[in-house]
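Asker: Let me begin by handing over the structure; questions about it come next.
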Amino acid sequence: MAFYKIKFSVDGIVFNEYEGYMKGIKGAKTSASGAVQSNENITIEIFDVAGRLLVKKEKGKWIDE
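Just so we're aligned: the sequence shown equals residues 1 to 65 in the numbering used here.
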(Lines of atoms letter the chains of each structure in order from A; the text may use other names.)
(Lines give C-alpha, C1' and ligand atoms only; values in the text may rest on other atoms or scores of the structure.)
Protein backbone atom coordinates (compact mmCIF):
# COMPACT_ATOMS: atom_id res chain seq x y z
CA MET A 1 0.00 0.00 0.00
CA ALA A 2 1.20 3.47 -0.83
CA PHE A 3 -0.09 6.96 -0.13
CA TYR A 4 -1.34 8.97 -3.13
CA LYS A 5 -3.00 12.34 -3.70
CA ILE A 6 -5.40 12.62 -6.64
CA LYS A 7 -6.58 15.90 -8.17
CA PHE A 8 -9.47 16.36 -10.58
CA SER A 9 -9.62 19.48 -12.74
CA VAL A 10 -11.29 21.03 -15.78
CA ASP A 11 -9.41 23.68 -17.77
CA GLY A 12 -6.79 23.94 -15.02
CA ILE A 13 -9.28 24.58 -12.22
CA VAL A 14 -9.15 21.94 -9.50
CA PHE A 15 -12.67 21.03 -8.39
CA ASN A 16 -11.93 18.00 -6.22
CA GLU A 17 -9.03 16.19 -4.64
CA TYR A 18 -8.55 13.34 -2.25
CA GLU A 19 -5.71 11.43 -0.73
CA GLY A 20 -5.19 8.13 0.96
CA TYR A 21 -3.57 4.73 0.88
CA MET A 22 -4.16 2.67 -2.26
CA LYS A 23 -2.80 -0.57 -3.64
CA GLY A 24 -0.08 0.87 -5.87
CA ILE A 25 -0.38 3.18 -8.84
CA LYS A 26 -2.72 0.77 -10.61
CA GLY A 27 -5.15 0.98 -7.68
CA ALA A 28 -4.90 4.77 -7.70
CA LYS A 29 -5.61 4.92 -11.45
CA THR A 30 -8.60 2.58 -11.09
CA SER A 31 -10.00 4.59 -8.19
CA ALA A 32 -9.58 7.90 -9.99
CA SER A 33 -11.00 6.66 -13.30
CA GLY A 34 -14.02 5.18 -11.54
CA ALA A 35 -14.69 8.49 -9.82
CA VAL A 36 -15.08 10.39 -13.10
CA GLN A 37 -16.40 7.48 -15.20
CA SER A 38 -15.91 8.28 -18.90
CA ASN A 39 -15.86 12.09 -18.80
CA GLU A 40 -12.90 13.02 -21.01
CA ASN A 41 -13.11 16.72 -20.11
CA ILE A 42 -11.77 16.00 -16.63
CA THR A 43 -8.01 15.91 -16.09
CA ILE A 44 -6.77 13.53 -13.40
CA GLU A 45 -3.36 13.96 -11.76
CA ILE A 46 -1.87 11.46 -9.32
CA PHE A 47 0.92 12.53 -6.97
CA ASP A 48 3.11 10.59 -4.54
CA VAL A 49 3.52 11.43 -0.86
CA ALA A 50 6.31 13.92 -1.70
CA GLY A 51 4.08 15.82 -4.13
CA ARG A 52 5.73 14.57 -7.33
CA LEU A 53 3.41 14.08 -10.29
CA LEU A 54 3.41 10.39 -11.21
CA VAL A 55 0.77 10.11 -13.93
CA LYS A 56 -1.84 12.27 -15.60
CA LYS A 57 -4.98 11.44 -17.55
CA GLU A 58 -5.99 13.91 -20.24
CA LYS A 59 -8.63 13.42 -22.91
CA GLY A 60 -9.20 9.85 -21.78
CA LYS A 61 -5.55 8.70 -22.01
CA TRP A 62 -3.00 8.11 -19.26
CA ILE A 63 0.32 9.93 -19.67
CA ASP A 64 3.13 8.52 -17.54
CA GLU A 65 5.52 11.16 -16.28
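Glycine included, every Cβ here is placed at the ideal spot set by N, Cα and C.
All values reported here derive from a predicted model rather than from experimental measurement.
#1: On the premise that Glu45 lies in contact with Lys56, defined as a C-beta separation below 8 Å, what is that separation, rounded to the nearest angstrom?
#2: Excluding five sequence neighbours on each side, which residues of the same chain lie with their C-beta closer than 8 Å to the C-beta of Tyr18?
#3: Beta-carbon within less than 6 Å of Met32's beta-carbon, same chain only, minus the 5 sequence neighbours each way: which residues are those?
#4: For Met22 and Asp48, what's the separation of their Cα atoms in angstroms?
#5: Excluding the five sequence neighbours on either side, which residues of its own chain have a C-beta within less than 8 Å of the C-beta of Leu53, listed in chain order?
Answerer: So, from the data block:
#1: 5 Å
#2: Lys5, Ile6.
#3: Looking at the sequence provided, one finds Ala at residue 32 rather than Met. For Ala32, where only same-chain residues beyond five positions count, the Cβ hits under 6 Å are Ile6, Ile44.
#4: 11 Å
#5: Around Leu53: Glu45, Ile46, Phe47, Glu65.
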